[in-house]
Structures are given as structure tokens and as C-alpha cells.
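Asker: There's a structure below that I have some questions on.
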Amino acid sequence: MKKTLTILFLLLFVTNTHSQKKSGMHSQEKFESVFENLDWENKIITGNGKISVGKNKFTQKVLSMLEAFNNKDAKAYASFNVVQSREDVENDLKNQFENSIETVVITPYRIEPSVVENENVTRVEVWSNKKIKYYNGSKENIWAVDVYIFNEDELIDGYYSHDFRPYENEFGLSFGGKFISSQNKASGNPFVFSNRGEVEFIEKFAEAYNNMNIDELVNMDRVSEVVINTPTAETITINFKDKEFWKGFYDGKESVNWNIWAIIPIKIANTDPASGATVYSTHTTKLNNGEEIKEERVQLFFFDVEGNLERVNGYSK
Numbered sequence: 092m093k094k095t096l097t098i099l100f101l102l103l104f105v106t107n108t109h110s111q112k113k114s115g116m117h118s119q120e121k122f123e124s125v126f127e128n129l130d131w132e133n134k135i136i137t138g139n140g141k142i143s144v145g146k147n148k149f150t151q152k153v154l155s156m157l158e159a160f161n162n163k164d165a166k167a168y169a170s171f172n173v174v175q176s177r178e179d180v181e182n183d184l185k186n187q188f189e190n191s192i193e194t195v196v197i198t199p200y201r202i203e204p205s206v207v208e209n210e211n212v213t214r215v216e217v218w219s220n221k222k223i224k225y226y227n228g229s230k231e232n233i234w235a236v237d238v239y240i241f242n243e244d245e246l247i248d249g250y251y252s253h254d255f256r257p258y259e260n261e262f263g264l265s266f267g268g269k270f271i272s273s274q275n276k277a278s279g280n281p282f283v284f285s286n287r288g289e290v291e292f293i294e295k296f297a298e299a300y301n302n303m304n305i306d307e308l309v310n311m312d313r314v315s316e317v318v319i320n321t322p323t324a325e326t327i328t329i330n331f332k333d334k335e336f337w338k339g340f341y342d343g344k345e346s347v348n349w350n351i352w353a354i355i356p357i358k359i360a361n362t363d364p365a366s367g368a369t370v371y372s373t374h375t376t377k378l379n380n381g382e383e384i385k386e387e388r389v390q391l392f393f394f395d396v397e398g399n400l401e402r403v404n405g406y407s408k
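With my numbering applied, the sequence shown covers 92 to 408.
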């Protein structure tokens with residue numbers, strides 16, 4: 092990600108400094124770059140930090156390549172890539188075109204090739220709008236900035252991308268929904284995905300729970316006392332570190348199978364890092380007497396600002 096942003100910033104500096112140089116022009120006038128020496132994962136750009144506008148033929152290559160993509164011609168698109176990656180690119184695109192993408196229209200509105208002095212590659216920055224319709228009926232509208240890196244043989248051997256999905260996009264947004272509470276100043280804020288290890292915690296918990304592994308349960312991180320609101324409207328507090336609790340819980344049970352099929356971790360946007368995760372599952376308990384109890388469950392796991400589990404609300408049928 093750092094590498095991608097660095098390239099985009101570098102090229103944006105070029106375009107903003109000489110905006111009069113439109114795509115298709117290839118003046119070789121030099122100017123000072125904002126960077127002099129860069130190390131992008133051991134790929135070092137050195138020299139005096141000067142950049143020139145690249146040759147127009149790279150603009151034409153990108154236009155032809157995008158035309159192939161819009162025509163869903165995987166083979167033609169792949170031909171612009173280095174030989175060793177063509178087969179993978181072609182197969183990946185064929186799969187997308189046959190099974191996922193029904194129509195695609197990429198409309199570039201700014202193309203700028205550039206060359207760093209003393210390097211033998213050309214970077215082509217492409218600003219575009221991408222409209223994609225999928226076979227399942229979903230649609231995407233994306234504004235994108237893509238950077239294609241052409242080697243000395245004028246073939247693509249590197250690619251970076253940054254995109255923005257407008258608010259009215261049907262899916263793929265990083266935020267959505269609405270928090271509603273007359274008692275909270277965050278009311279009206281959307282939700283965003285949380286990424287503080289909630290999924291990993293729940294998966295680890297489920298594995299130890301299903302294995303009835305008491306040692307693993309009592310030694311789990313990020314949990315000690317937890318308030319449980321049960322489907323029968325009871326509120327109990329359990330201590331995960333208490334071996335006797337787990338021994339009593341498993342007493343009389345031959346096996347348990349908590350089969351999770353969805354974990355959705357979210358938080359309220361523009362608030363502290365406290366988060367919640369909605370867990371959808373089926374649950375089967377087999378008792379020692381042979382009786383089986385089957386349930387469909389929805390559980391809400393609540394994590395505090397430190398990332399520790401503090402409460403679980405459960406619903407079942």
C-alpha cells in the first residue's frame with residue numbers, strides 16, 4: 092500500500108506541476124521531482140530526481156489495452172503483459188468475463204506517461220471511470236487511478252491501483268447503514284468494518300469450544316469476565332478463566348458443534364474503536380443420553396475500546 096501511494100503521489104506531482112502537458116504530448120522538458128532517492132521494496136530510483144513526460148506510444152498502448160478489456164478480449168489484453176505472466180492474466184480475465192462480468196466500460200479521461208531519468212521503465216498513470224455490470228445483477232461505478240509500469244521491452248510488468256466508489260454505488264463501499272439513537276451524539280453516523288482481530292478471536296474461540304478444550308478456553312487472550320444475555324432473557328456473567336465453569340458447562344455433553352457461517356465485525360464511524368461482531372451459525376449439542384439439540388443462532392459480540400470481549404447477546408430458534 093505504501094508503495095502504491097508513493098507512486099501515485101509522485102505521478103500526481105508531475106501532473107499537477109505541468110497540467111498543460113496533455114496525454115499524447117511527449118515534450119522531453121525536464122523538471123525537478125519531489126523525490127530524489129526512493130526505495131520501493133528494494134527497487135531503488137536514483138539519479139538527480141528529474142522526470143520527463145513519456146512517449147506518446149505508451150498512451151496509445153494503454154488505449155488499445157483498455158479497448159481490449161472493454162471488448163472482454165482476455166487474450167488481447169494479456170498480450171500487453173510480460174510473457175511470463177500472460178497465461179495467468181488471460182486465464183484470470185477469462186474466468187471473470189465468463190462467470191462474473193457481463194459488461195464493462197472503462198472510460199479514460201487522463202493518461203500521462205512519465206520516465207524517471209536513468210531508469211529504463213515508463214510509468215503510465217490512467218485516470219478513468221469504470222462502469223461494470225455483473226451477471227448476478229449487481230452494478231459498480233468506480234473512479235480509478237491506475238499506474239501501469241512498462242519495462243524496456245515496452246511490456247507491462249507492474250501495476251498499481253487506487254479507486255473511489257461514489258456514495259450511490261450499489262456495493263463495495265467502505266461504509267454504510269445508519270446508527271440511530273436519540274441518546275447518542277453519534278446518531279446518524281454510518282457503520283464501517285472493524286479490523287481489530289474480532290474475526291480471528293471468534294474463530295479461535297469456536298475451535299476451542301467445539302473441541303471442548305478447556306485449557307485453550309481459559310488461556311484465551313482478550314477475554315476474562317463476559318456478560319451473556321441469553322435467548323431466554325437471562326443475564327449471566329461468566330469468567331472465561333474459570334476451569335470449573337467450563338467443566339460444568341460440558342458436563343453431560345458428548346459433543347458440541349458451533350458451525351459459524353458468517354462473522355461481520357463493524358463499528359460506528361467516527362467514534363472510539365469499540366466494535367461489535369454479528370455471528371450467524373447453527374449449533375448442535377449431543378448429550379450423553381443420545382439426545383440432540385439443534386439451533387439456529389444469531390449472536391452479537393461486543394468488544395471494548397481495548398479490543399477485549401465484554402458482552403454477548405444471543406438469539407436462537
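We put the CB at the ideal spot given by N, CA and C, even for glycine.
Quick one: is Leu308 buried, meaning 16 or more other Cβ sit within 10 Å of its Cβ, or exposed?
Answerer: Leu308 is buried by the Cβ-count criterion.
Asker: Throw me the rounded Cβ distance for the Phe241 and Phe331 pair, which I believe falls under 8 angstroms.
Answerer: About 56 angstroms; that fails the 8 angstroms criterion.
Asker: Could you round the C-beta distance between Lys230 and Glu261 to whole angstroms and report it? I think they count as a contact, below 8 angstroms.
Answerer: Right, their Cβ atoms sit about 5 angstroms apart.
Asker: DSSP has Ser407 in a bridge; who is on the other side?
Answerer: The partner list for Ser407 (beta bridge, DSSP) reads Arg388.
Asker: Measure the beta-carbon distance from Leu264 to Arg256 and round it to whole angstroms, keeping in mind my assumption that it falls under 8 angstroms.
Answerer: Rounded, the Cβ-Cβ distance is 5 angstroms, consistent with contact.
Asker: Only counting the same chain, and skipping five residues up and downstream in sequence, which positions put a Cβ closer than 7 angstroms to that of Phe296?
Answerer: Met311, listed in sequence order.
Asker: Decide if the region 343–352 is in contact with the region 283–290; the criterion is three or more beta carbon pairs, one per stretch, under 8 angstroms apart.
Answerer: With the cut-off at 8 angstroms, the region 343–352 and the region 283–290 do not touch.
Asker: Leaving out the 5 sequence neighbours to the left and right, which residues in its chain are closer than 6 angstroms to Gly249 when beta-carbon positions are compared?
Answerer: Contacts found: Ile240.
Asker: On the three-state DSSP scale, how would you describe Ile202?
Answerer: Of the three classes helix, strand and coil, the one that applies to Ile202 here is strand, per DSSP.
Asker: Sort out for me which residues DSSP pairs Ile247 with in a bridge.
Answerer: Asn172, Phe241.
Asker: Report the option in Ile319, Thr198, Asn404, Phe270 whose CA atom is closest to the CA atom of Thr362.
Answerer: Minimum Cα distance to Thr362 is reached at Phe270.
Asker: Let me know if Met92 comes out buried or exposed under the rule of 16 or more other beta-carbons within 10 Å of its beta-carbon.
Answerer: Its pLDDT being 43, under 50, Met92 is placed unreliably by the model, and nothing is read from it.
Asker: Excluding the 5 residues flanking Met303 on each side, which residues of the same chain have their C-beta closer than 8 angstroms to its C-beta?
Answerer: Here the set comprises Tyr341, Lys344, Ser346, Val347.
Asker: Glu397: buried (16+ other C-beta within 10 angstroms of its C-beta) or exposed?
Answerer: The residue is exposed, with fewer than 16 neighbouring Cβ atoms inside 10 Å.
Asker: Could you compute how far the alpha carbon of Glu316 sits from the alpha carbon of Val403?
Answerer: Between Glu316 and Val403, the C-alpha separation is close to 11 angstroms.
Asker: Measure from the alpha carbon of Lys222 to the alpha carbon of each residue in Asn161, Val238, Tyr168, then state which is nearest.
Answerer: That would be Asn161, whose Cα lies nearest to the Cα of Lys222.
Asker: Which residues bound the alpha helix (DSSP H) around Thr150?
Answerer: Counting along the chain, the alpha helix (DSSP H) containing Thr150 begins and ends at 147–161.
Asker: Helix, strand or coil for Ile293 per DSSP?
Answerer: Helix, per DSSP.
Asker: Tell me whether Phe266 sits in a helix, a strand or coil according to DSSP, three-state version.
Answerer: Correct three-state label for Phe266: strand.
Asker: Please return the same chain residues whose Cβ sits closer than 6 angstroms to the Cβ of His374, not counting the five positions on each side in sequence.
Answerer: Here the set comprises Trp349, Glu386, Arg388.
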